[in-house]
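Below: the structure, in structure tokens.
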Amino acid sequence: MDTDRVTTDPATAGTELLLRFARAGHDAGYPTADLEERIVALASSLGLEAEVSATPTLVEISVGSLPRQRTYTLRVRPALVDLDAISHLDELVQQAIDVPLDAAEALARLARVQEASLARPWPIVVAAYGTAGAALTPILGGGWRETATAAIVGLVVGAITVSATRTARTEAIVAPLAAVAASFCATALAQAGLDASPDVVTLAALVTLLPGMTLTIGMRELATEHLQSGVANTASALVQLLGLVFGVGIGRSIAASWFGTVDTIAPDAGLSGVQLLAAVAAGLAFTLTLRARYRDAWVMCAATVLALGANELGSTIFGKEAAVFVAALVVGAAGGVTGWLLRRSALVFIVPGVLMLVPGSAGFNSMLKLLTDQTVDGVGAGFDTFLTAVSIAYGLMVSTVILPRRFTQVQPRRLAPSSGEIRAS
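Numbered as in our numbering, the sequence shown ends at 757 without a single skipped number.
Shown next, in the form of structure tokens:
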């Protein structure tokens, strides 16, 4: 678009801002409802009427009153969560609604946000995957042998993930390729004498790739009648699960052919007393794998610890079936309050908290049982998967109802100065 046109025509600049923000927000991994809310809030701050329909592959924005409405369509691709970008974009929206910004100025700020994409050295990111595997092992019932083995396998998964996600051509094969490597390495290390449960090690190393958040978002969108997005996200989660199960099956087959069949090893659950420390370590690892800011690490650690504690306490008081709902409700409420108090995106708290509830692990196990001819157990576990995802979705939804609107919706946090004061500044 012509630069002179943007600077001299406020309506055109405003429309361009909405379109560029929509693409940037989608690339950052906003859930559908959150992205739509922010685009509408940004349009309102510019004095524009806008209607938005966002899906994982398409964003449509209609600008203007009905008689003169123009509709724009953006072709997009599903993206991984980038909490740093989400934080910057939330700050931009909040600034725009606190003190209405000129569209050209907001465009310039958006460009700076996109140019300042967070980049970390690949060895640190790979190490984070290894840390995540080791940290999640005690939570999944493993002992010190499984923890050590999962750290090694997690490093392999991290190396594959970091390498394969650098180009769009290889992104689609990250999950199955990492699953092949994780399953093969877990079995090979067990055969080498580490006596670790290959199933626990494989699952712990792959938790960072499980589409638990995507499945939860899909269930929430279906429940709130965002049908297109809900179906798309749910289907995407199932395809990713199938890719992981396919990869695990291939890795096991290769390992069995090369090293022989590994006897089932019961995990040594001797680390159950350090699960809270493991949750802290998981929060630190998620800070890197979810591309959050270093200064948000303590927030993410608090989220993982709270999610684990709320789930355990809820299981004791309300029973196992209700525990996930209670934990999601607590995480959603705490995330809303924390985001408002710290003036940061609530997703920085909610996303790691939801990941600790690991809704995707149940789905992984159910499909794995179906693959190994455990049909009855697989169908039952599959039902539990969707029940868990729905419980988390409704827990997050209820948290937005019980909290005041200022904690859950994008709105001015202080009175905007008068137009004269804005010009003077």
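Yeah, the Cβ is synthetic: ideal placement off N, Cα and C, and Gly gets one too.
Worksheet item: Thinking C-beta only, is L442 closer than 8 Å to A356?
Response: Yes; because the gap between Cβ atoms is below 8 Å, this pair is in contact.
Worksheet item: Would a C-beta distance cut-off of 8 Å place G465 and A482 closer than the cut-off?
Response: In this structure, A482 lies closer than 8 Å to G465 by Cβ.
Worksheet entry | CB-CB length for V663 against I649, believed under 8 Å | I649 and V663 do not touch by the CB rule: their CB atoms are close to 16 Å apart, not below 8 Å.
Fill in: For T403, the residue or residues it bridges with in DSSP
Beta-bridge pairing links T403 to S394.
Worksheet item: Taking the continuous alpha helix (DSSP H) assigned at A569, which residues delimit it?
Response: Unbroken alpha helix (DSSP H) run through A569: L559 to F591.
Worksheet item: Can you tell me the Cα-Cα spacing of P388 and P508, whole angstroms?
Response: Spanning the two alpha carbons is a distance of roughly 21 Å.
Fill in: the segment 396 to 410 touching the segment 347 to 362, judged by at least three CB pairs closer than 8 Å
Inter-segment contact for the segment 396 to 410 and the segment 347 to 362 is present: three or more beta-carbon pairs are separated by less than 8 Å.
Practice prompt. For V384, name the three-state secondary structure that DSSP assigns.
Written response: In the displayed model, V384 falls within a strand according to three-state DSSP.
Worksheet item: Which residue from I586, G490, A428 and P432 puts its Cα closest to that of P455?
Response: For the options I586, G490, A428 and P432, the alpha carbon positioned closest to that of P455 is the one of G490.
Worksheet item: Is T497 buried or exposed, if buried means 16 or more other CB atoms sit within 10 Å of its CB?
Response: Classification of T497: exposed, given that the 10 Å Cβ count is below 16.
Fill in: Exposure label - G651; buried when at least 16 CB within 10 Å
Under this definition G651 is an exposed residue.
Worksheet item: If we count Cβ pairs, one from each stretch, closer than 8 Å, do we get three or more for the segment 670 to 687 versus the segment 635 to 644?
Response: Flag = yes, the segment 670 to 687 and the segment 635 to 644 touch.
Practice prompt. Give a yes or no on whether the C-beta atoms belonging to D416 and R737 are separated by under 8 Å.
Written response: Contact: no.
Worksheet item: Mind checking whether A536 and L609 have CB atoms under 8 Å apart?
Response: For the pair A536 and L609, the CB atoms are not nearer than the 8 Å cut-off.
Item to complete: Since I believe A725 is in contact with A555 (beta carbons under 8 Å), could you give me their beta-carbon distance rounded to a whole number of angstroms?
Response: Between A725 and A555 the Cβ distance is about 6 Å, and since that is below 8 Å, they are a contact.
Fill in: Cβ-based burial, T619 [other Cβ within 10 Å; buried from 16]
That one is buried.
Practice prompt. Go ahead and label R584 buried or exposed: buried means 16 or more other beta carbons lie within 10 angstroms of its beta carbon, across all protein chains shown.
Written response: A buried status is given to R584, since no fewer than 16 other beta-carbon atoms sit within 10 Å of its beta-carbon.
Practice prompt. Go to L450, then tell me how far its alpha helix (DSSP H) extends in each direction, as first and last residue.
Written response: Per DSSP, L450 is not a residue of any alpha helix (DSSP H), being assigned neither H nor E.
Fill in: Residues of its chain near S419, where Cβ-Cβ distance is below 8 Å and the 5 sequence neighbours each way are ignored
Cβ within range, chain order: A624, R625, D628, R676, S677 and V680.
Discussion item. Let me make sure I understand the geometry here. Which of V532, A587 and Q572 has the alpha-carbon closest to that of T519?
Written reply: Comparing Cα-Cα distances from T519 to each of V532, A587 and Q572, the minimum goes to A587.
Worksheet item: Does DSSP classify Q743 as helix, strand or coil?
Response: For Q743, the three-state secondary structure derived from DSSP is coil.
Worksheet item: Below 8 Å between beta carbons: does that hold for R370 and V425?
Response: With a cutoff of 8 Å on beta-carbon distance, R370 and V425 are scored as near each other.
Fill in: Presumed contact (8 Å Cβ cut-off) between I582 and V512, rounded CB distance
Rounded, the Cβ-Cβ distance is 5 Å, consistent with contact.
Discussion item. What does the alpha-carbon distance come out to for the pair A435 and I484?
Written reply: Looking at the backbone, the Cα of A435 and that of I484 are separated by about 50 Å.
Worksheet item: How many Å lie between E423 and T621 at the Cα?
Response: C-alpha of E423 to C-alpha of T621: approximately 22 Å in a straight line.
Worksheet item: Whose CA, out of R400, Y362 and L390, lies closest to the CA of L380?
Response: Of R400, Y362 and L390, the residue nearest in Cα terms is R400.
Item to complete: Return the CA-CA distance between L398 and V606, expressed in angstroms with no decimal places.
Response: Across the structure, L398 and V606 are spaced so that their CA atoms are roughly 59 Å apart.
Item to complete: Spatial neighbours of Y461 within its chain, please: CB distance less than 7 Å, with the 5 preceding and 5 following residues excluded, ordered by chain position.
Response: Same-chain partners within the cutoff: G486, L487, V489, G490, T493, T540 and T621.
Worksheet item: What residues in its chain sit with their C-beta under 6 Å from that of V669, if we drop five residues either side in the sequence?
Response: Closer than 6 Å at Cβ, skipping near neighbours: F739.
Discussion item. Is any non-hydrogen atom of the ligand ADP found closer than 7 Å to the C-beta of T534, if you look at the structure I gave you?
Written reply: For the ligand ADP, the structure offers nothing, since it holds no ligand at all.
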